[in-house]
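Worksheet: the structure to be examined is printed underneath.
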Amino acid sequence: MNALKKLLGYPHELMHVIALILIGRRAVQFTRDHVVIPDNLTTRQYVFVAGFPAAVFMIGVAAAVLGLLNAATYGQAMVALAAILICGFGVASAAGDVQLIVVRLSSKDSLK
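Just so you know, the sequence shown maps onto residues 0 to 111 in numbering that gives the first Met the number 0.
Rendered as structure tokens:
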């Protein structure tokens, strides 16, 4: 698990930072394990920032599957399988973010 954190921790959290930059905001704190986002984001902004890594990794899995299906050589197939594995772990790492999105959307004041 620690190896996966080292491999995917910074890229995952960096995607949250990139999502914040895309909406014109800054992270309060950035570490390998966590990004503290501002409290005053609207629900749409929060869903975008929290869901951005999951979306990027899912697109990566889809592209890698297409690469595997179109692989002409054994080497290309191995590269595609490695990409599927890495992006698949990235999607799994975003499960906590998806849970936070569900909690935020199910709260009473999610209409901000």
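Beta carbons are placed, not taken as given, at the ideal position from N, Cα and C, and that holds for glycine.
Terminal residues of the continuous alpha helix (DSSP H) containing Pro37?
In the sequence shown, the residue the question calls residue 37 occupies position 38. Annotation for Pro37: no alpha helix (DSSP H) segment contains it, and DSSP assigns it neither H nor E.
Between the CA atoms of Asp38 and Leu104 - distance to the nearest angstrom:
The count along the sequence shown starts at 1 and reaches residue 104 at position 105. The count along the sequence shown starts at 1 and reaches residue 38 at position 39. When rounded, the separation of the alpha-carbon atoms in Leu104 and Asp38 is 15 Å.
Is the CB-CB distance between Tyr9 and Arg31 below 8 Å?
Counting from one through the sequence shown, the residue named residue 9 turns up at place 10. Counting from one through the sequence shown, the residue named residue 31 turns up at place 32. At a Cβ-Cβ threshold of 8 Å, Tyr9 and Arg31 count as neighbours.
Measure the Cβ-Cβ separation of Val90 and Ala62 and say whether it is below 8 Å.
Residue 90 sits at position 91 when you count from the first residue of the sequence shown. Residue 62 sits at position 63 when you count from the first residue of the sequence shown. No, the pair does not count as a contact, with Cβ atoms beyond the cut-off.
Quick one, which of Ala93, Val60, Ala94 and Ala26 has its alpha-carbon nearest Leu84's?
The residue you call residue 84 lines up with position 85 of the sequence shown. Ranking Ala93, Val60, Ala94 and Ala26 by Cα distance to Leu84 puts Val60 first.
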